[in-house]
Each structure stands twice: as C-alpha cells, then as structure tokens.
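Protein chains in written order, with the numbering used here: chain C, 519 to 853; chain U, 97 to 1287.
In this text, a Cβ means the ideal position worked out from N, Cα and C, and glycines have one as well.
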C-alpha cells in the first residue's frame, strides 16, 4: 500500500493542469484555501490527501496510579509510529479518512541485558467526518465524526508468561476494537483560528492473546480497556505560510476490566475492574504547519505530557502509554 | 480431554485459505476489457489531442497491400470526432454552466462491425465505434452518426458530472454484513451500495434532449413513430417503470429500452414548453447539491410540481396530441394493409364486436385471476410472438420465395403469393403447398439489418453474414468457437437453397426438405453458404437482373462506398470513393441493369440517387429536407421507397423518367422498406409498438395519391455538383496527432469504499473497511487494481493486468491476516451425553494467507475462455507464544481452467437457457512445514510431508425451460418461464492429501464470497459450510424454478421490485476420501490417538457410492431446498437482488473440527466414539437470508 501511495503521489506531482492524465484537476473539485487557518475541518469534495508521518517518543519512565512521574532505573523504551493517512472528500460536506500505523519499538535494559526491537503493523482506524455547518469569511466549520479502531496489530507477547521481563514480542494492540464519536468546531478570527474538539471513545471488550487465564489450560482471557472522554483546544495563528498552533489535550479514562466471556450479545458484562486503573491525562501539544503550496504541507509538532495517571500495562501503549515527549512530523500531499 | 489438534487449529485457516484461493482465482481474470473481448495486438494506436479532448484511434500495423485481410484505420473517423467534439464542447457546457477543466478521452473502436457508444463520466471516458451498424438510423431517423453519438455521450459526461454530489472517483460506498449463526443455523447477509442515482428517462432522454438543445440532434419522424405507436397502443412506460434502467426484460416488453430514451426526450420537450429550455439541466444542478434517496425529488424541488403529477400531465399531453394526429391520418383514408405472419388471419385483426370479444376473452383467460394488467400483458405477448424484428420483406423474382431479415437470420419461406390471406383475402387452404412451406423453408444465419437479395433465375440468395457465421459443424452445434484474431467482420455470401435439399420420409412418401439439424445440418449449411471473396465489410447486396453481379456497400473508417463485384468475387470496382462519413443505406438495380438506385446521406442531406453503373455518375432523384430511404426499383420501372413526409414514414413511388411521385400507403404507425411482388402487391416493413412486422397491401388497395408537391425533383445541378464534390478537409489534425502514450492516458481512477461486518460468534467483531481502487489507461493495455481492507482482518490485494498481446496476463498478489475467536468445549469425562461437566473456553487466533499468482487468459469467444495459471500459497498462524507467524504449509499450483458460459434469459433471477461449464486441471506441490508437527501432518492415517498431486474439477450447470412433452399444462408452464436447472460438480484428486487441499462442500451464504458470485451456494445447502471434504467429489443438484410475481418495476422508496421467483431443488452426492487401515497390525497411534499407517500404501481410497465416506459417515448425502428470489434494484439501477432459502439436510454428518459451525471445537469424543471425528451435525433445517446480496 505504501508503494501504491508513493506511486500515486509521484503521478499526482507529475500531473499538471494541462495534461490529460488520471489525476488531472476536475471541475467538480471544491475550492481549498491555501492557508491552514482558513481551512474547514473537512477536506472538500474531490480532494484526496495522503499523509506520511512519524511520531517518536523516547520514554524513560511512566506515570503511576497516583499520578506521580516515575523513572525506570535502567530501561529505555523507544516507541515510534510511522503512519500513512488518507483523507478523501466524498462530498462537499463529508470526508472519509483512514489511518494505517506501523510501529518500530525498541527496549534496552543495561542491567538485564534486554535488547528487543520490533517493527510491524499497528491498529488501523477509519471513519467519517460530516460537516453540518460551514460559514465563510470568516471561516467557521462544525463537524461531527466517527472513528473505528480495528485491532489488527500484534497482540501476541510471544510467551504465556506475562510481565516486563519475560515477553519477547511487543504487543501493539489491545486486541479489542474502539468506536469513537465526537464533534469539533473551528472558528477563524482574523489571522487566528480556534479549534475545540470533544469526543467519547467506547472501548469494547474482547478476547486477546496477551491476557491468559491461568487456572484452566491457559486459554485466552477477555479484557475491556476503559472508555475515554477527550477534550482538546487548539489556537492557531497564521504568519504567512506558517501556521503556529498550540493547546491542551485532556483525556479521562475509565477502569480497565478483565475476566472471562459470558454468553449472549454482551459477552463482557461480568468482567471485573482493576483497582486504580482509571485515570486522567493532560498533554500540551504545539506545532507549526507550513503551507508550502495548496497541495503540500509540512506539519511539525511536539506533545509534552503534563499529567498522567496509569497502571503500567507495559509496554501496551494503546492502554497505558509510557511517559515521554513525542515529536511528530508529517508530509501532507493533496490533489 | 483431547489436546488441541492440528486440523481443529487450522480449520478457520482452511476456511480463509479457501476463500482466498477462490477470490484470487476469480480475480485473476476479473478485469476484462469494457467494450472489446480481444486485445488486437495487430493494431497500433494513435492519439489526436485537442484543447478539450484526446481521441485515441487504431490503425493496423500491416497494410492491406501486404496481405492484411483485416486492415483498418480509424484516422478519418477520429479526426471527425475531434472536430465535432470541439464544436459541441462550449454549447453543451453552457447548458449546465459547467465548463469542464478536465480533458475527455474518446476511444474509437473500429475492430467490430457493430454499434458501440458508452460513457463513464467519472473516468472522463467515452468509447464509440466508427461503425454504427444500421439499427441506429432506423430507430433514430438520422445517419449523422459521429455528431449524434458524440453529442449524446458528451451530454452524459457534462450532465452526470454536474448531477453528482459525489467526488468523481467515488463510485459509491458498499456497506455489507454477514452474520452466520452456526447454532441456530441461520445465515443473514445484507448489502447496500450507495452511489449516484438518477432516473433513466432523464439520463438517456436528457442526453438526447440536450443534444437537441445544443443544436446537433433533433426530434425526428422515427422518434415520433416510436412515441406515437406507444401512446396509441397504451404501452407507455409507467411512472415506476421509466425511472430504472434495469433492462426491460421478458416477453411483452419489446423495445422498452428505446422507449425510455424517446419518452425521456419527449418529456424534456414537454418541460421545455412549460418551464423553459434549461429545465432538464436544472435537475442536474439541484441533484449536485447533495445526495438524496430518490433522485426524482429534484423535480419538485426545481419546479414545485411533483414528478408523478408532471408525468401524468405529459401522458395526457402526448395522448391528446397523437390521438389527434391519428384521427387526421384516418380522415385522409387509412391504407396500411395487414400484418403477414403465417397463412391465416391474426387474432387481433378485430373486424366486429364478436371478434373483438373473442380476442379479449382469449387474452383474459390466459391471465385468469391476475387482473386487467395481466390480460393486457398477455395480449402484448401474443402480438410480439409473430416476430419483433422482421425487416426487409422480399419476394424472389419468380415469386417462389418470401424472405425477411430477422435478428440473426434471413428467414426464407417457400410460398406463393396466393397463400397469404393478407393479400388475397382468403386463408391458405392448399394442403400440399402448406406442407411445402413447412418442408422447404429455411433460416440462414445472417447479420442484423445488413441486407440480402435473391439471385434472379436461381434458387440462391446473396446474404450478409459475419466471417464466423458458417462455422464448422462442432462449433455450430455446441456454440464452442475459437477465435484467434478477434475479427468477425461482415461479408457477402451466396446461399444455394438447392444445396440444402435432402430427402425425408413421411409415412410411405419421400419428400424433399430443407430441414437441417445437428452436426449434419451444420455441415450442410457450411457447404451451401459460401463466401464471396473480396467482400469483407460489405453489406446490403443487390444482385443484378442478369444474376451475375452484385452491388453492395463497403464500409471503411466510418464511411460507406458503393462497390460492384461479380458473384464469384472477381472484378471488384468501387463506384464511389468517399472518405468523409458518407452513409449509404439501400441499393437496387434498374430492370435493364444499367443503373442503380441508392439512398445516401452526406453532409446532413439524405436522398435517393441514381447511379450509372458504368460511369459511376450520380444524380439525385430529389433534394429536400425529408429523409428518403429503402429504394426498390421494380420491374414496372418505378422506384419504390419510404420517406418521412410530414413526420410519418410512408411508402412512395416515382417513375425516374417522369418524376411522378405517388403515395402508396397512409399509415398511422410507420411504413418502410417496400417491395413490389411479381403480382404487383406491396409488402413493406411496418413499425408497430409490438415490433417490426411484415405488412402486405393488395395492389387494388394502394393509396395512390399524387405526391409531387412533397419532393423537390429538380435540384439545381451546380448545387448538387458542389455538394457531391466537397469533402471536409480534416487534414489539419495531422499536426496534433501523436503515437498513443499510455502513461499520458491514464484514466481517472475509481475508488469504492467498502465496509463489511462479518461476524459468526458475536463475541469478536469482524468490522473492516477498505476500498477498491482501479486505474488503467484508456485503451486498456495496462491496469492496476488494489483492494486494501483494514480491520480485525487485514487484506492487501493487488493486481496488475496486461492486455496488449493476444492473451491477457494477470499478476496477482494477496496477503490476508485474520484474527478470530473460537471456543473449545472441555469435557471432563469425555462423554458428550453428560453436559454438566462441560465448559467452553475461548482462544484467540491470528492467521495469515499469502498468495502470488500469474494467470494467462485467452478469450476464444464471448462464451469461451481458457486460463493457464501458476500460484504460490502460504498459510501461517500465530498464537500467544509465537513471536511471528508460523508457516504451516507452502504450496505451488499450476494448471488450466476452461470456462464456457452461454447461459441467458430474461432475468438473472431465472436463467432459462444455456450452460456454464468450468473445468480446472491443476498440478500441485504441497509442503507441510510447521515444525511442531515435525513438518508433517496426519491425514486419513497417512503422514504427509512434501507431496505432489493432480486435481481435476468440473462444474457443469445446464439451464433449460421445461419440455412441454405434448402436455398443455407443461407448455403453459414453459411459456411462463418455468425452468429446470441441473447443477453438477465433480472432482478427483489422485492421491491422499492434507485436509487443506481436499475438495470442500457444504452450504454457504453467497455474500461470504462477495456480491452475486456464482460459487456453489445451493449445492448441499442443507449442510454446514465446509463440513464435507474429500479427494473425490460427485454432487448433483436438480432445481425447478418459476416466476411467482412480476411487478413490472414497482417502486417502493428507493427500491424497484421487478420479479419474484421460487425454486425447489434437491441435492445428492458425497465427498469421499481415504480411510486409515483398520487392522491393528497395520497402524500405530500417535500422541493424539490418531491411527497412523506404518505403510502409506495401507490407507484405502474410498470408492464413490460403494464405500461410506468415513469423514462424514454416509454413503450418500441428500438435501432438499426451497428458495424465493427477489429481483430488485435500488437507487435507479444498483442491483439489490435478495433471497430467502430453506434447506434441509437429511443426513447426520460428522467430522473433525467445527463441523456444526458453532465456532466451538468439541474436544470430547463424539457420539461415534472413534478418533475420526469429534463433532456431529444432526439432520436439520438451515436458513439463508440475503438482502441485496445476490443469490
């Protein structure tokens, strides 16, 4: 898929308005503002955006269940995400998007001699954005959206005996699906744009390879990660081709539950919560979007964790992330 | 408690592996060309680039001078298209205020002789043929093919782009789910495809209307004839019917396809009068604002009047208009003769109250209990039964033979003129002559509406037929025909009727007959009908009065020319050398053989011309704005022809020496293609709303009114000379012509998102989403198809296809990872009868399938293709203690697939004729590499490691209407479309193989494979999916199917219901395998307790029908099945075919793994108490529900 995407991009970049190729500009395509602060929250009819990006976090510790920052003594954990995303403007007011992550991870521990690396597919997600309201000059955009995260990534620890010192494969997926619904609003004020985002993620229960019942033949156990409520605010200022932005990203997570399956349509109803597994997290993200052309942006960012409250399901980042500053970079190409 | 067993472990892998295999096998050759079956590597392609268009056209690599029998060049046609396309770009875009930024690619076809014209606006693609054939002009009344087809297709491009609320690459989104409940044995599938939608009357009628608005096309007498007859015979498409394109099929619906073009066009003209020119275009712009469930609501949004009210107003308007026109024609004295069909009068020729009542009663009886609409349909069916495409009625000069050109054949009837009551007024009564008519009549395969003629003084005809019409006997009888170069051009043949004669015994008499059937018949046809050399792409033959020469029309590069040739193919001479799109239509010789009369259209002028045979000099018989056609030069010296004077086609005649035009018919419908019989009567081609019929008018009944005032017989010579001497100069396109460059001619790609929820256990989700993506170049030499799908199951499929050489090459890669949950039933005492000690525990699995395949496919004909393929496969899985996928097996396969399909019928819900044959011959290599099993698996008592095997599989399906067997009841059922379907499947593997390589059977919901597949989903529907396996397979299914209800396109919201069908059937057969030895001295037990033979030679192959299949515990399996099929469409054309199927399996089946389909692997010993099975499925009912999933 990556190859295909790259091929498509090369073709897209080669395509000019005067040429009659598959990616020529079409009449039906919506206008798209050149600057980030003027853009709505859906991409617009006829536009396709391919994004290639990476997130890098080097963690030396974690948040404990009391919200205290803890450091590991000898371990270093590098968690990276290499991601491809596609946004596709199906109609003027509706957008289909997909995200396919891959993860490179490494864990070293001088004391134990651990030196483990792994690269593989993560959990892809996809969803729709619909824009019920769009205001022009100044731009205002209100969207509602849904997202589905599928548990495609590796969920096998490579060993029946769990724990930080015994696994020999990184688990990059909870093994369970998530369904999110949310709403976001973006309002332009002169060169400024303020975006607010509120969402709720229902994390469904599921049987996973990494949770093993130990009383009977080591069959798979059922888990349910805690549902997440998220609120985020972002303020952007456009300075020429550069859009500087920063804000806060807060999340509340409910209890993590574990147990065995029950019959019927609600197989997780008898799962038991793990004490102190709920928590609150707050990150401060900031970044710059460089609008090089209408069809090409570079998006650079950093996210600093300020508050966290976790149990350490190490190293399952999808449940309880490790603590560290995340640096991001994305190339966005659209045609 | 039994430990995990490999076949249990891998059973879902097997399932997915099988799915993957079938999908890849199907997909390997899925991307056939849109409009051409063949690749024509003998052609090179060129492109003309203009400001808004790129026109691609073919030219033969080898010239005619170098002996190329199929030389072609589309250069002039392409230039003409480039010219007219640019001319119409601005006016058409202006209609919608939608000025295209994108260039539109037009692919010109000149390889076939038939009409082609289609558009895919999303791809910026128009494909048209240079040769329109002839039905186009007959139905639409004009021969200006290039501008008419271009403006129509370009109107589609602009209107549908403006109409669509979606991004153009987005063809729609498919949302589907399949829930397989293995406990209740109910499988439910639903699929909805949400895409653009628009009513077909607007789409097609609109394209005609905008053509008119833009100044290139106009309402003609032929179109008026279509609507007039339709209105007067009460056959207008109903409000519900004209919204959907879903082919108007079945008896009683002739020409409805054309009706939605013409009704839509006419409705546009009506709206123009009421609301203004731009009304139709406003619908597009309104629709483009946002997707709607029912497109037709745009009409009310734009006009403030709902669509149905406007439809009813329009019906009233056209009814009043055409009733008035018919009254006026009647007032002038009707002369239309009678329909000639057989040797007696026709039921509907109502002459008095009694005959009318009789006719109505007969029709009503057929529809007893079904109401007025059914009775009306019955009457329409009866009227269509006398033939719907009976063209060019001709009588041999000696009066012995009557003939007409039907679709696909020249029907020659041995009959004297006196036998036709339509001419004599008396029914035929001479028994001997009637018997002769039966014995000596013949149907000669011929091209559709391309003319024929009798050879004077001989029992011969010259006909137009395609190169492959008279094939070898085997091909003719079986329909299996191999075509290497892809060309099947028309040419002229001499058919010797006497060569078809043979003796036949009737009682104690020996009579002569031309009845020819079977292999001998086909051989006789091939010997009796011989091609005339040097007449390729020739048509419309006219034989000279001395019987030695043939005048005919020769086609090349969008243009007709007049040619002469001797009957033996020598002395060919062109009388015209046009290269400008001139179109000729009918030819006939003067009685003295010195002149020809021909209908010619060029430069928007259509008239009859007299041509001097020796000099080639042409002189128009008239020069006017009417359209004259179908000239016939009778022995009485007069030329008979048809013309659309005052908007109604009638028959006229003229003495070319005197110029005294006379009108011979005065019809309400339409009269064309006249001929005067030896006795001076008139036969002509009469258009009715029930088909094109042969009509006859006795000479004493001719209308015979002077008609000079209609025709301008003396055009100014200088004007004519100027018109004939001028050819449009298009040579300036030379500068903008270049070699075709596929990389600069990539079609706009399409992207169809798919969302699927496949769930069979409730406890884990099976939601995945992805998209299908395709891009190819416009000439379809190269293409790429991608299908990534992300979710709990992750799929990446990619295919490259190369279609530039004789065969098609497909390279396919496929990677599937799937996660699933399943349960294990632990039984403490290993006794399945005590359940209190049983517990179910879950496991989570992650499996992978990788496939890489190369297929080389050649289409020998439209029905037959063969594929050579090679495929590598790998199955793997991952458990909790695995750090990566563990390879279970690797395999290679190479083989041959032969597909033959000529099944057809009025509706896909009820195929009524033909057969599908699929033969697979494969050589396979398999290596079991999973290390925990030491690289071996146990199957049927044999240790399997690396092995090779050969596999043969045949699926044969025959569809046939039930035979009447002389029974009135059966005949009635046959006429109503009752069908018997025989579905068989046989397979043989020449050694014992791993369970993953065995044949599998069992019921399966069709949506398991994807929409509307032809996988076996009714064979053994009474048993769980994949529950049966073995190395030998013999399954036979017999089904009886019949229509239950016909809604005639009943609309309910966005759904259109067409027909409901019922089917009953039963299956018998089994799959047999190898059995492990029973003698304890011949086997040992491994750690799982399996019997393993010391010597592989001691496992025994089960003999079909003799041995019990140990894997399922039966000699033979039986099931019975009942099904309802709903033929429906959604959103004006998306198929939404649905079904409800009940199946009952009469046998208990057993096996290893999840035999009962509940996703729980029973690890206790089964009721059979042996090591060969662990689960059983009791006899019982299985239910399959498919809403929008196909059958």
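Give me the DSSP bridge partner(s) of residue i.
| i | result |
| --- | --- |
| residue 138 of chain U | According to DSSP, which records beta bridges pairwise, residue 138 of chain U is partnered with nothing at all. |
| residue 1273 of chain U | U/1245 |
| residue 764 of chain C | C/753 and C/804 |
| residue 989 of chain U | U/967 and U/1020 |
| residue 283 of chain U | U/276 and U/1280 |
| residue 649 of chain U | U/635 and U/658 |
Is residue i buried or exposed, if buried means 16 or more other CB atoms sit within 10 Å of its CB?
| i | result |
| --- | --- |
| residue 925 of chain U | exposed |
| residue 165 of chain U | exposed |
| residue 584 of chain C | exposed |
| residue 1063 of chain U | exposed |
| residue 198 of chain U | buried |
| residue 281 of chain U | buried |
| residue 899 of chain U | buried |
Can you tell me whether DSSP reads residue i as helix, strand or coil?
| i | result |
| --- | --- |
| residue 1058 of chain U | coil |
| residue 717 of chain U | coil |
| residue 837 of chain C | coil |
| residue 184 of chain U | helix |
| residue 254 of chain U | helix |
| residue 698 of chain C | strand |
| residue 1251 of chain U | coil |
| residue 323 of chain U | helix |
| residue 508 of chain U | strand |
| residue 1002 of chain U | coil |
| residue 463 of chain U | Reliability of the predicted coordinates at residue 463 of chain U is poor, the pLDDT of 49 falling under 50, and no value is obtained from them. |
| residue 457 of chain U | helix |
List, in order along the chain, the chain U residues whose C-beta lies closer than 8 Å to that of residue i?
| i | result |
| --- | --- |
| residue 733 of chain C | Per Cβ cutoff of 8 Å: no residues; residue 733 of chain C is ~10 Å from chain U at best. |
| residue 654 of chain C | In chain order: nothing, as chain U lies at least about 16 Å away. |
Check the Cβ of residue i against every Cβ in chain U and list those closer than 9 Å, keeping chain order.
| i | result |
| --- | --- |
| residue 698 of chain C | Going along chain U, no residue has its Cβ under 9 Å from residue 698 of chain C, so there is no contact; the nearest lies around 13 Å. |
| residue 675 of chain C | 976, 977 and 979 |
For the beta strand (DSSP E) that residue i lies in, which residues bound it at each end?
| i | result |
| --- | --- |
| residue 1166 of chain U | 1151-1168 |
| residue 803 of chain C | 797-811 |
| residue 558 of chain U | 556-562 |
| residue 616 of chain C | 612-627 |
| residue 885 of chain U | 878-887 |
Determine the extent of the alpha helix (DSSP H) in which residue i is found, giving its start and end residues.
| i | result |
| --- | --- |
| residue 421 of chain U | 403-427 |
| residue 711 of chain C | Where residue 711 of chain C is concerned, there is no enclosing alpha helix (DSSP H), although the beta strand (DSSP E) it sits in stretches over 710-721. |
| residue 395 of chain U | 393-399 |
| residue 623 of chain U | 614-624 |
| residue 813 of chain U | 813-821 |
| residue 366 of chain U | 352-371 |
What does residue i touch in chain C if you count any residue whose Cβ is under 7 Å from its own?
| i | result |
| --- | --- |
| residue 917 of chain U | 725 |
| residue 939 of chain U | 737 and 738 |
| residue 221 of chain U | Simply none; closest approach about 11 Å. |
| residue 261 of chain U | 609 |
Could you tell me which chain C residues have their CB closer than 9 Å to the CB of residue i, listed as they occur along the chain?
| i | result |
| --- | --- |
| residue 887 of chain U | 642, 644, 666, 668, 669, 670 and 695 |
Subject >> Residues from the region 193-218 of chain U in contact with chain B, defined by Cβ distance under 9 Å >> reply: Here the protein chains are C and U, and chain B is not one of them.
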